[in-house]
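Below you'll find the structure, written out as structure tokens, and then a few comments.
Chains as they are written, first to last, in the numbering used here: chain A, 1 to 346; chain B, 347 to 692; chain C, 693 to 1038; chain D, 1039 to 1384.
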């Protein structure tokens, strides 16, 4: 039986607590938060759980093998690092840290100590995203583009721009679904509230192949949209996360290239060479599962079997590296920022 | 009675011919094309119309007051310039020319001679786009962003990239709907057919205010999308051109800013200051009109009353200037290209 | 402070318990159920609440002023009647009883004792249905028709047909939204599981005016649909309960009748007389409220101020009367069944 | 080369004329109409075609082998019968005649003379409806229900009710798609314009098996809907004719029945026995064809090879028989009308 603690009982913490409490093989021992009324709320619902406002208590408790961190991003590094140094496995909310440098240090520390470091990239545990990964690796053929729109009204944040709040989801999905890693990023965006970070932004991810990825995020849209297109050489996907059941549609569509070089003489000649192929569309059945529960189970499994989570510290680091570079690009009207290949610990 | 001729009876020419033939106050005299079978087709449908493969005949005919040009873009400049020099008014397909320099010369020539030079920016004559212009100038308040998605499968062209084929529509709509003119543009995109122009592209338009415009065009999408979001400080628009009747939806939504400076202490404090306002949505009734017919009538009216079409040569020039700069940016992974303010003829 | 108890902690009971526990001015004292594990679940979540499997305890407890009944329909009459006879106010799940005769007896008993008898017609407490009632009484003009489609896959029941499970919602909405009461009903339907009640059915409601109402319910549909059309002489409504935010759309559409008698000579003459009017569509903003919470508050308010709930016993009786007559009609391939006007207690 | 004539150049006639003119193997010789301006319009477009207002000319002309009839329904019988008696093959608009008795006489006459009698049930020549027939005969399993909604605003007619105008489409589709023939029909409906036929109606078709079909037609709806559900024991279809490309969606969904007899004890026990099966959805690719052109080609093919059209006179007769019975039922608030099995000519 693995013992766990949760630090942070604000917006997302209660979901973590509920899922841990409902998962067999793990015992939720302690919840830590600075606000007394939140601790009282925990106590009311989970009388057997210890509550505390002192994070050090968690670190000292030998029955606690793992800590889940659901505090504001600015505190992730400090809390996660001290947990690792105390020998605890760590499950941390996304984004893993506010900087790639900090993420790298957490990755290194976890590797050195042989501890599991998991990042809560929730979407990669959904049936829809898992299905996309499966299709990308098989039926779609070569991947041509990935285009995501993630817009709605609110919630404006004043410490980070919309890319840290919304694009982080797309970046973690791309990291999981697309085997190739981006080599550069650019971003443009605007703030419509004086003195505040960008509330609308567009990101381009560049790859060594002719794959292109693009992300549109917006806190000031009149309608909520969550729609991704993935174009492959053989098939294409439309993923609409707001569809109640048919979230993934796979189109047997594309172009076929025939003939040799285009002759002079214009459009007509060329159009003989690019043909359009249109077949069936299908929406594969997706199981209904709560992603967070499956994440917790995977985390426990990794602890017990010395495994690596699909969203490990390296994944968290890769996503933060892109966010950081995109933020720099945003300040320079879309100047292209090269991305470093992930460093390997020797 | 104004006498007109049409040159080019390929893809779009038949629509022009039909609309001119159906418009009172104008007489369709001659249709010119290089392919004999097309001329035979004209003769079959419009026995009273003269057909010719010799463009010079049109220029010499004193009964012809105006010429509509529906040939490939590469020939627009030569045909339009010789028509203007022969004293004919000109109605030319979009884009007006392949380069801003040529467009400028046509504009200058038309102005010097007092002739009408109209560009077929069809969308600016639709009820939906006219309604958006009306709303942008009134109920929407300050304009925050303009975001358009125009994607489908095909038709690949081999002489121009997707931005000359699809983004030209968005640029002409923006030119008409948004009073402010862009000061810079950037574009990224990829070709997925070796040796061919980009078939997917993303454009950013920058303005002096904090307005941002973005256009996504794609010839390789599994679904057809034609959806524009316009965000204003008071109201917002969703324009879906594929909706059969409710193309324009106006949302009484937005943010309200209250309170003074954000205090230190994070998210909670700030969220008191950005409020979210949600009111009714309405879809204004739009008249069903064929845009091209209304364009022809406007063109005739301008000839008779010495007027200026809403899509005149200057509009055509502005759109081509952006396309040209975007093409240069495309070759440099989205480097920002400054746009020259439109030159005024002294 | 009003004291309440809940009997039945199966499918719907937990929602009732949660809403009562969250409502100020009422104290949830006791939950009664026959299954010990359900009572344990209540105890886990609400340690202060008494649990029992003996309904008589509730009746004897003088601190309990009102009882909410969320048990299977077949037990509603017995539990509600004994509650009323013990002087308790009653809040009962829909349908109120399996027969009009029993409903009438509950209505009579409650009236005799001056107790509040409320039926959980949940939809009449939603923002969407309240908005429809408001529109029906004003902008729509004369009401021409009411057409509802309520279909999905499952859940098959074996004691009642689909009309008792799904059409009951539409009947309670019609009862609330449409001032005129039906005078007759017919129903057709089929069972596709041998020996089981109908899983697909169509109901017609007839009125003295030329209003017609129609309900399509189906447990065996491949997609979930919840869509109602209401036609009025001046405006019309489309109500789609599955829309996340624009559930109600009001169309300024209709016909205009002009001219005198139709002359002989056919269609052309007549079409001058029926004109079609098409104006704006609007989706009024709807507040997001949990209907059940607002029902509980209304129930308490009625107890305290001797008021009548919008869905009182009479409403429950009217709905059950239609269900009963429809069930008889179903067995006779749609024979029209006249409905008795609601009896008034002298 | 088959010679054809068309009588009636009003609403639908021009489509017929255009399709006949475009079809190889047939020569359009004559168009007949009573209105001179319509004949002038034909002459302008098709200078080689003879025009006349005298139907007898068509009957006398030996070069004319077949006549297409696109006049008002009330004249169909007279025109078709005289054409058949003159030895001409007949292609007649739907509905074939205003009464089953007249339809039967046409069927008999055509059979006696060995002439082709085709009815323009356009939908049975669309890719979508052909695909449905194919699926109904194979993957769907036993057919449980057919439910169609066909509503819009207008066009009101004053000589026939909405069922003759709109339900005729559904009846012809059902006749083609569903192998089993209905044994009885009932219909309810209302007129909202004094003295005029019903503008909203609901039809039930009863079959010997436990199949049920239902049709909702309405001239006074705020939105246009064209949606059919077909439930089968193995798969189910949603057919939305307004979808631009995915008109047919096939759901691998249904119920599975397991276990023996329902035990006493209610819902829980039974629910173990009805299981719900949910698999993929797919939208089969449909070819884009103009139905009317393919009808004309089939008609010619039947003439040349002594074949029977899919929508022959018998199909026209079956549809009119249902319309006639439904009209009688409409006048009696949905009284069930038995249908005669189609008479066979000895």
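Idealized CB from N, CA, C, for every residue including glycine.
(request) Count the CB pairs spanning the segment 515 to 532 of chain B and the segment 292 to 310 of chain A that are closer than 8 Å, and state whether there are at least three. (result) no
(request) For the beta strand (DSSP E) holding residue 1074 of chain D, just list the boundary residues, first then last. (result) Segment 1074 to 1083 is the alpha helix (DSSP H) holding residue 1074 of chain D; no beta strand (DSSP E) there.
(request) For the alpha helix (DSSP H) holding residue 104 of chain A, just list the boundary residues, first then last. (result) 100 to 113
(request) With DSSP as the reference, please indicate the residues paired to residue 249 of chain A in a beta bridge. (result) A:238
(message) Count Cβ pairs between the segment 1071 to 1083 of chain D and the segment 1045 to 1059 of chain D that sit closer than 8 Å; are there 3 or more?
(response) yes
(message) For residue 224 of chain A, count the other beta carbons within 10 Å of its own beta carbon; 16 or more makes it buried, fewer makes it exposed. Which is it?
(response) exposed
(request) Give every residue of the same chain whose Cβ lies closer than 7 Å to the Cβ of residue 297 of chain A, excluding the five residues on either side of it in the sequence, and list them in chain order. (result) 23
(message) Would residue 862 of chain C and residue 909 of chain C be called neighbours here (beta carbons separated by less than 9 Å)?
(response) yes
(request) Label residue 1369 of chain D either buried or exposed according to how many other C-beta atoms from any shown protein chain fall within 10 Å of its C-beta, with 16 as the threshold for buried. (result) exposed
(request) Within the same chain, show all residues whose beta-carbon is closer than 6 Å to that of residue 230 of chain A, passing over the 5 residues directly before and after it, in chain order. (result) 146, 237
(request) Decide yes or no for the touch test of the segment 1226 to 1246 of chain D against the segment 1197 to 1207 of chain D: beta carbon pairs closer than 8 Å, at least 3 of them. (result) yes
(request) Would you kindly work out how many angstroms separate the C-alpha atoms of residue 799 of chain C and residue 1003 of chain C, rounded to a whole number? (result) 12 Å
(request) Decide if residue 47 of chain A is buried, meaning its Cβ has at least 16 other Cβ atoms within 10 Å, or exposed. (result) exposed
(message) Using 8 Å for Cβ pairs, my map puts residue 429 of chain B next to residue 442 of chain B. What's the rounded Cβ distance?
(response) In fact, because the Cβ distance is near 13 Å, the residues do not count as touching under 8 Å.
(request) Name, in chain order, the residues that DSSP records as bridge partners for residue 1292 of chain D. (result) D:1315
(request) Please list, in chain order, all residues of the same chain as residue 801 of chain C whose beta carbon is under 6 Å from its beta carbon, the five residues on each side excluded. (result) 776
(message) Quick check: what's the CA-CA separation for residue 1233 of chain D versus residue 1362 of chain D?
(response) 20 Å
(message) For a cutoff of 9 Å on Cβ pairs, would you count residue 244 of chain A as touching chain C?
(response) yes
(request) State buried or exposed for residue 745 of chain C, treating a residue as buried only when at least 16 other CB atoms are found within 10 Å of its CB. (result) exposed
(request) Check whether the Cβ of residue 1274 of chain D sits closer than 8 Å to any heavy atom of the ligand ZN, and report yes or no. (result) Although the ligand ZN was asked about, the structure shown includes no ligands whatsoever.
(request) Below 6 Å CB to CB, which residues in the same chain sit around residue 37 of chain A once its five sequence neighbours on both sides are set aside? (result) none
(message) Between which residues of its own chain and residue 65 of chain A is the CB-CB distance below 8 Å, once the five residues before and five after are set aside?
(response) 2, 3, 4, 88, 89, 303
(request) Whole angstroms is fine: what's the gap from residue 462 of chain B's alpha carbon to residue 427 of chain B's? (result) 12 Å
(request) Buried or exposed for residue 1020 of chain C, please, with buried defined as at least 16 other CB atoms from any protein chain shown within 10 angstroms of its CB. (result) exposed
(request) Buried or exposed for residue 587 of chain B, please, with buried defined as at least 16 other CB atoms from any protein chain shown within 10 angstroms of its CB. (result) buried
(request) Quick one: list the residues of chain D neighbouring residue 126 of chain A, beta-carbon separation under 8 Å, in chain order. (result) Correct list: empty, because the minimum Cβ distance to chain D is about 17 Å.
(request) Compare the C-beta of residue 1262 of chain D with all C-beta atoms of chain B and state if any pair is closer than 9 Å. (result) yes
(request) On a CA-only basis, which of A:227, A:315, A:176, A:190 is nearest residue 133 of chain A? Give me that one, please. (result) A:176
(request) Quick one: which unbroken beta strand (DSSP E) runs of 3-plus residues sit fully inside the segment 1189 to 1240 of chain D? Chain order, please. (result) 1222 to 1228
(message) One question on the structure: do residue 275 of chain A and residue 255 of chain A come within less than 9 Å of each other, judged by their Cβ atoms?
(response) yes
(message) Any beta carbon from chain E within less than 9 Å of residue 432 of chain B's own beta carbon?
(response) Of the chains in the structure shown, none is chain E; the protein chains are A, B, C and D.
(message) Between residue 479 of chain B and chain C, is any beta-carbon pair separated by less than 9 Å?
(response) no
(message) Quick check on DSSP: helix, strand or coil for residue 775 of chain C?
(response) helix
(message) Cβ closer than 8 Å: which chain D residues qualify as neighbours of residue 282 of chain A?
(response) 1318, 1319, 1320, 1321
(request) Establish whether the CB of residue 113 of chain A and some CB of chain C are separated by less than 9 Å. (result) no
(message) Taking the straight line between their C-alpha atoms, what separation do you get for residue 687 of chain B and residue 551 of chain B?
(response) 14 Å
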